[in-house]
Amino acid sequence: MATTAEELDRQALLEGIGCSRKRKEDPRFIQGKGNYVDDVKLPGMVYADMVRSPYAHARIKSINKEKALALPGVLAVLTAEDLKPLKLHWMPTLAGDVQAVLADEKVHFQYQEVAVVVATDRYIAADATELVEVEYEALPALVDPHKALDADAPILREDVKEKDNVGQGPRKHPNHIFSWEVGDRDTTQSALDTAEVVVKQDMLYPRVHPSPLETCGCVASFDKVKGQLTVYITSQAPHIVRTVVSILSGVAESKIRIISPDIGGGFGNKVGVYPGYVTAIVASIVLGTPVKWIEDRIENISTTAWARDYHMTGELAADISGRIKGLRVNVLADHGAFNSHAQPTKWPAGLFSICTGSYDIPTAHVKVDGVYTNKSPGGVAYRCSFRVTEAVYLIERMMDILAQKLNIDKAEIRRRNFIKADAFPYKTALGWEVDSGNYQAALAKVLDAVHYDDLRKEQAEKRSRGELMGIGLVTFTEIVGAGPSKACDVLGVGMFESAEIRVHPTGSVIARMGTISTGQAHQTTYAQIIATELGLPSEDIQIEEGDTDTAPYGLGTYGSRSTPVGGAATAVAARKIRAKAQKIAAHLLEVSEADLDWDVDRFKVKGVPGQEKTMKEIAWAAYNNVPDGMEMGLEAVDYYDPPNFTYPFGAYLCVVDIDKLTGETKVRRFYALDDCGTRINPMIIEGQIHGGLTEGFAVAMGQEMPYDAEGNLLGNTFMDYFIPTFVETPHWETDYTVTPSPHHPLGAKGVAESPHVGSIPCFTSAIVDAFAHLGVTHMDMPHSAYRVWQKIHELGLDKQA
Amino acid sequence: MAKKLIAFKLNNQPVEVLIEARELLVHVLREQLAQTGTHIGCETSHCGACTVDFNGESVKSCTVLAIQANGGEVLTVEGLAQNGTLHPLQEAFMQDHGLQCGFCTPGMLMRSFRFLQENPDPTEEEIRSGMAGNLCRCTGYQNIVKAVKSAAAKMQPA
Chain A
7 MATTAEELDR QALLEGIGCS RKRKEDPRFI QGKGNYVDDV KLPGMVYADM
57 VRSPYAHARI KSINKEKALA LPGVLAVLTA EDLKPLKLHW MPTLAGDVQA
107 VLADEKVHFQ YQEVAVVVAT DRYIAADATE LVEVEYEALP ALVDPHKALD
157 ADAPILREDV KEKDNVGQGP RKHPNHIFSW EVGDRDTTQS ALDTAEVVVK
207 QDMLYPRVHP SPLETCGCVA SFDKVKGQLT VYITSQAPHI VRTVVSILSG
257 VAESKIRIIS PDIGGGFGNK VGVYPGYVTA IVASIVLGTP VKWIEDRIEN
307 ISTTAWARDY HMTGELAADI SGRIKGLRVN VLADHGAFNS HAQPTKWPAG
357 LFSICTGSYD IPTAHVKVDG VYTNKSPGGV AYRCSFRVTE AVYLIERMMD
407 ILAQKLNIDK AEIRRRNFIK ADAFPYKTAL GWEVDSGNYQ AALAKVLDAV
457 HYDDLRKEQA EKRSRGELMG IGLVTFTEIV GAGPSKACDV LGVGMFESAE
507 IRVHPTGSVI ARMGTISTGQ AHQTTYAQII ATELGLPSED IQIEEGDTDT
557 APYGLGTYGS RSTPVGGAAT AVAARKIRAK AQKIAAHLLE VSEADLDWDV
607 DRFKVKGVPG QEKTMKEIAW AAYNNVPDGM EMGLEAVDYY DPPNFTYPFG
657 AYLCVVDIDK LTGETKVRRF YALDDCGTRI NPMIIEGQIH GGLTEGFAVA
707 MGQEMPYDAE GNLLGNTFMD YFIPTFVETP HWETDYTVTP SPHHPLGAKG
757 VAESPHVGSI PCFTSAIVDA FAHLGVTHMD MPHSAYRVWQ KIHELGLDKQ
807 A
Chain B
4 MAKKLIAFKL NNQPVEVLIE ARELLVHVLR EQLAQTGTHI GCETSHCGAC
54 TVDFNGESVK SCTVLAIQAN GGEVLTVEGL AQNGTLHPLQ EAFMQDHGLQ
104 CGFCTPGMLM RSFRFLQENP DPTEEEIRSG MAGNLCRCTG YQNIVKAVKS
154 AAAKMQPA
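Sequence order for the protein chains is A and B.
Heads up: the first sequence runs through residues 7 to 807, numbered per our numbering.
Heads up: the second sequence runs through residues 4 to 161, numbered per our numbering.
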């Protein structure tokens, strides 16, 4: 560690870990020089567009392409019949199910892909989609998941109706996908039977869509002569895409190059492999020319991956002092028409069993049932680790409800149940080992900062005047950084992450990772890690990701994996280089390795001032003067398989004022304290938190994908689907504590998803709190003005003068 | 479909381009004139990623026909820096961490460029209302507001 002023100066020059370094990505983005998928233009490129189903559930009686093919400029119209000989009309999903690439005999959701049109121009392609004549026989749609398992429910998936397993265990009905259970059923039942107090609540986490500002798309280019396929794609996981495309197409993985260029936000929406990608690739192979497919916004919201749709029931057993004795959760999960849930393959409900939260809960039992409905397939983690948002929402709501039942303050009930700071690593009742935490300290810091007692006094006064003021509080724990390969894989590939670092003779560096930034600024922050580890200035460190021809294999960026897994790989690879550098330094200085101390950017001989070699000097020597028997060069690769997940946490407090006549909610204050362990770039962390809080605000206050009884999606444009603007978005206050992860090489835990996960129940907590004195214990999201007004109206509050 | 030759000033340079009457300005800018800084996020004029400056006003180029630009002046993000010097707004977005994925950024810059001419010394509330036609999914807007405010301060006449 640097201590003297001279050492600190040298350290500052590196712009390493802890520095709020300005982003290396910005110069290109602010000058319009980013390179997103839709910016890619290849010679001879043509355009694909989709014919989509107007029905949620229907049999396809016929498809007539003639008129479309007759339109000048149209090159091809492909349907499932055309893909059948190639066995590409269905594709495997990450969850062990199959998904129709183009509808095969039936359509299962509105806007499902029925045919793809390829034309010389995007306008002609769009015209031609209107000319493809599809005759449908409408079938009754199954929209309500609660009716999916009824004896008389329409059977959706005729292709798998005889199967007793669609990839995730036994099932009990043709519309049933899986049952997943964890925990101890009997001890939990007994805890509930014998408890002094039990609270139970049904709650719906609505179906929502991540909606990154850039939609999904690709440019597929098959070179017939070389037999090579290149695909520019909006993917958060380009290496997995390469593997999937190879398995599907039969083209050797070595002849497939997947490039994720600049990505205009992901938030989980860009993890999956979609029919549009597959059909563009097929069209390029068939036509021998590059094919571009880019979704429009309606297609993005209607067909590519959404999140949540969890219908949850929570039960908490406790004693009268509020000490929890047991937790039981039952979930009905609506997965839509195909189980294309993007999760580690063995986890049908993701990491939902983190739902014991920050609390010491002696026993718990969770059961999740997944069902098919006539809705678009999914779901993904929308800015969260797999199903963690749902888990945190459940437990944080239940804590509030228990507090209300026992008339204990919601801060106090949390304090009484926290896992104690000295109890880490802590094994939860559902099997997780929480690495580190200090929940008491985080909560205390927030309550002090906002003067919690004064807020409660103010609220009491307002209530006496009939005004609606609510205080929300959440103390969440996340689980991110998937994950140990013994627990997590995607289609059999372990969820490690990779880094390859090469130090050039003059001391500048190129490093490549298996992750891909979708706005998190990896080019900036990975360089900071290497700068600190190697003592070379981050300015001279070039980071590249997203090109499978050059980057080492990695599982990609989602579930806050980049820092916990990719950052660890980067640190370990850098340490391998430093270990070699130490040997070279010892050789140059003619001492033994043990006689050397590392000092910011150089090795020094212990006790001999002036006897030292900087990393730059060592880099040069690595290419001309190394010890006997050592190979030249200075580079290293690391494939990092994490020993555990990381568990970021935080304490959030929200203050709202609600207008009794309109139901409008004003978020007066939102105070977010996050603990993500070691902080690599505080400026970027704060930016990520602002963004996550805003996406949380969107979900809590307005986002939902509503379907009518026929399965028509009623909100699939930015007119109908709530994306908060500058005006609605609250001002955010951020704070932090630092509790490093003991098992991560840097102590870092990951941060960008915590604010989404943590803020959503905090908004609900605040809104419900505004009505708590009137006996209200829960309100389902979204808390739009109309829905809040309905509650006000139901309680007769709008009638009072 | 019959094509028509149109001429307009793009980033202070005269351009001529052959278009169909139905073509949108954003497509012509991106695909024919290779100015891909202007982005498409929704195609229904809600998101503002395609915002450009057209005859002294902010417009969403996904809902302007290219033919309407005939004889006009269009400024895109590519024309914001002058003689190799970044515009104060570009500098401020970088300094104040006003962008993440960068997809909304060109639209944000072009809207704030016009907004600061409409209101050179805005309050935070005025910035939030004046920029409300541009959506961002990454930043939560707070640092964009900060950037616009700091750029406004730098751009004040001495």
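Note that CB positions come from ideal geometry on N, CA and C, so glycine has one too.
Owing to the predicted nature of the structure, the values given are computational and were not obtained by experimental measurement.
Next on the checklist: For a test of the three-state rule: what should DSSP assign to Asn-146 (chain B), helix, strand or coil?
Outcome noted: Secondary structure of Asn-146 (chain B) (DSSP, three-state): helix.
Item to check | For Thr-142 (chain B) and Val-662 (chain A), the rounded distance between their alpha carbons | outcome: Their Cα atoms are separated by approximately 22 Å.
Checklist entry - How is Cys-65 (chain B) classed by DSSP in three states: helix, strand or coil? => result Here DSSP, grouped into helix, strand and coil, assigns Cys-65 (chain B) to helix.
Next on the checklist: Taking CB distances under 7 Å as the criterion, tell me whether Gly-38 (chain A) reaches chain B.
Outcome noted: Output row for Gly-38 (chain A): interface = yes.
Next on the checklist: Using a Cβ-Cβ cutoff of less than 7 Å, which residues in the same chain neighbour Ala-776 (chain A) once the five nearest sequence positions on both sides are dropped?
Outcome noted: So the list reads Leu-474, Met-475, Gly-476, Val-662 and Ile-664, once near-sequence residues are dropped.
Checklist entry - How many angstroms separate the CA atom of Tyr-129 (chain A) from the CA atom of Arg-33 (chain B)? => result Each residue's alpha carbon lies about 14 Å from the other.
Next on the checklist: On a Cα-Cα basis, can you pick out the residue from A:Leu-436, A:Gly-525 and A:Leu-667 that is closest to Ile-695 (chain A)?
Outcome noted: Nearest C-alpha to Ile-695 (chain A): A:Gly-525.
Item to check | Touch test, the segment 759–769 of chain A against the segment 389–406 of chain A, Cβ-Cβ under 8 Å, three pairs minimum | outcome: A contact exists between the segment 759–769 of chain A and the segment 389–406 of chain A.
Checklist entry - the segment 135–156 of chain B: which residues have C-beta closer than 9 Å to a C-beta of chain A, in chain order? => result Under the 9 Å Cβ criterion, the segment 135–156 of chain B contributes Ala-135, Gly-136, Asn-137, Leu-138, Cys-139, Arg-140, Cys-141, Thr-142, Gly-143, Tyr-144, Gln-145, Asn-146, Ile-147 and Val-148.
Next on the checklist: Starting from Gly-693 (chain A), trace the beta strand (DSSP E) in both directions and tell me its first and last residue.
Outcome noted: Where Gly-693 (chain A) is concerned, there is no enclosing beta strand (DSSP E), although the alpha helix (DSSP H) it sits in stretches over 688–707.
Checklist entry - Based on Cα-Cα distance, which residue from B:Val-20, B:Gln-85, B:Lys-7 and B:Thr-79 lies nearest to Pro-109 (chain B)? => result Looking only at B:Val-20, B:Gln-85, B:Lys-7 and B:Thr-79, the smallest Cα-Cα distance to Pro-109 (chain B) is reached by B:Thr-79.
Next on the checklist: I'd like the list of long-range same chain contacts for Cys-139 (chain B), defined as Cβ closer than 6 Å, with 5 residues on each side in sequence excluded.
Outcome noted: Residues of the same chain with a CB within less than 6 Å of the CB of Cys-139 (chain B), apart from the 5 flanking positions on each side, are Cys-107 in chain order.
Checklist entry - Among A:Ala-754, A:Glu-716 and A:Val-611, which has the Cα closest to the Cα of Thr-652 (chain A)? => result Looking only at A:Ala-754, A:Glu-716 and A:Val-611, the smallest Cα-Cα distance to Thr-652 (chain A) is reached by A:Ala-754.
Checklist entry - Relative to the C-alpha of Gln-529 (chain A), which residue among B:Asn-58, B:Cys-104 and B:Cys-45 is closest? => result Of B:Asn-58, B:Cys-104 and B:Cys-45, the residue nearest in Cα terms is B:Cys-104.
Checklist entry - Along the chain, where does the beta strand (DSSP E) that runs through Glu-139 (chain A) open and close? => result Boundaries of the beta strand (DSSP E) harbouring Glu-139 (chain A): 139–144, taken from the DSSP string.
Item to check | Ser-504 (chain A), buried or exposed, once every other Cβ within 10 Å from all chains shown has been counted against 16 | outcome: Classification of Ser-504 (chain A): buried, given that the 10 Å Cβ count is 16 or more.
Item to check | Reduced DSSP category for Ile-419 (chain A) - H, G, I as helix; E, B as strand; rest coil | outcome: Note: Ile-419 (chain A) maps to helix in three-state DSSP.
Checklist entry - For the candidate residues A:Val-386, A:Phe-115, A:Pro-649 and A:Pro-767, whose alpha-carbon lies nearest to that of Ile-66 (chain A)? => result Nearest option by C-alpha distance: A:Phe-115.
Next on the checklist: Tell me the residue span of the alpha helix (DSSP H) that contains Lys-331 (chain A).
Outcome noted: Here Lys-331 (chain A) belongs to no alpha helix (DSSP H); instead the beta strand (DSSP E) covers 330–340.
Checklist entry - What do you get for Pro-160 (chain B), buried or exposed, if any count of 16 or more other CB atoms within 10 angstroms of its CB means buried? => result Burial state of Pro-160 (chain B) is exposed, judged by a 10 Å Cβ sphere holding fewer than 16 other Cβ atoms.
Checklist entry - alpha helix (DSSP H) containing Gly-133 (chain B): first to last residue? => result Per DSSP, Gly-133 (chain B) belongs to the alpha helix (DSSP H) from 127–133.
Next on the checklist: For Tyr-445 (chain A), which residues in the same chain have their Cβ closer than 6 Å to its Cβ, ignoring the five residues on either side in sequence?
Outcome noted: Here the set comprises Ser-364, Phe-424 and Thr-481.
Checklist entry - Whose CA, out of B:Ala-84, B:Thr-39, B:Gly-101 and B:Gln-16, lies closest to the CA of Asn-146 (chain B)? => result Nearest option by C-alpha distance: B:Gly-101.
Next on the checklist: Using the Cβ count rule (16 or more neighbours within 10 Å means buried), how would you classify Ile-326 (chain A)?
Outcome noted: Looking at its Cβ environment, which holds fewer than 16 other Cβ atoms inside 10 Å, Ile-326 (chain A) is exposed.
Checklist entry - Can you tell me whether DSSP reads Ser-760 (chain A) as helix, strand or coil? => result Of the three classes helix, strand and coil, the one that applies to Ser-760 (chain A) here is helix, per DSSP.
Item to check | Neighbourhood of Cys-494 (chain A) by C-beta distance below 6 Å, restricted to the same chain and skipping five residues each side | outcome: Same-chain partners within the cutoff: Pro-350, Ala-488 and Met-501.
Item to check | C-alpha gap between His-42 (chain B) and Val-29 (chain B), whole angstroms | outcome: Whole-angstrom Cα-Cα distance: 8 Å.
Checklist entry - Could you give the distance in angstroms between the alpha-carbon of Thr-249 (chain A) and the alpha-carbon of Met-785 (chain A)? => result Each residue's alpha carbon lies about 44 Å from the other.
Next on the checklist: 7 Å is my cut-off, CB to CB: does Glu-129 (chain B) come that close to chain A?
Outcome noted: It does not; no Cβ of chain A falls within 7 Å.
Item to check | Short Cβ contact (7 Å threshold) for Gln-588 (chain A) with Glu-599 (chain A) | outcome: In terms of Cβ geometry, Gln-588 (chain A) and Glu-599 (chain A) form a close pair [threshold 7 Å].
Next on the checklist: I'd like to know if the segment 551–571 of chain A and the segment 238–247 of chain A are in contact, where contact means that at least 3 CB-CB pairs between them fall below 8 Å.
Outcome noted: Contact between the segment 551–571 of chain A and the segment 238–247 of chain A is present: three or more C-beta pairs spanning the two stretches fall below 8 Å.
Next on the checklist: I'd like to know whether the C-beta atoms of Met-711 (chain A) and Arg-403 (chain A) end up nearer to each other than 7 Å.
Outcome noted: Taking 7 Å as the cut-off, the beta carbon of Met-711 (chain A) is found no closer than this to the beta carbon of Arg-403 (chain A).
Next on the checklist: Could you compute how far the alpha carbon of Ala-154 (chain B) sits from the alpha carbon of Gly-40 (chain B)?
Outcome noted: If you take the alpha carbons of Ala-154 (chain B) and Gly-40 (chain B), they lie about 21 Å apart.
Checklist entry - Which stretch, first to last residue, makes up the alpha helix (DSSP H) that contains Pro-91 (chain B)? => result The continuous alpha helix (DSSP H) containing Pro-91 (chain B) extends over residues 91–98.
Next on the checklist: Tell me the rounded alpha-carbon separation between Val-124 (chain A) and Lys-230 (chain A).
Outcome noted: Straight-line spacing of the CA atoms in Val-124 (chain A) and Lys-230 (chain A) works out to 18 Å.
Checklist entry - Would you say Met-111 (chain B) faces chain A, with C-beta separation under 7 Å as the test? => result For Met-111 (chain B), not one C-beta of chain A is nearer than 7 Å to its own C-beta.
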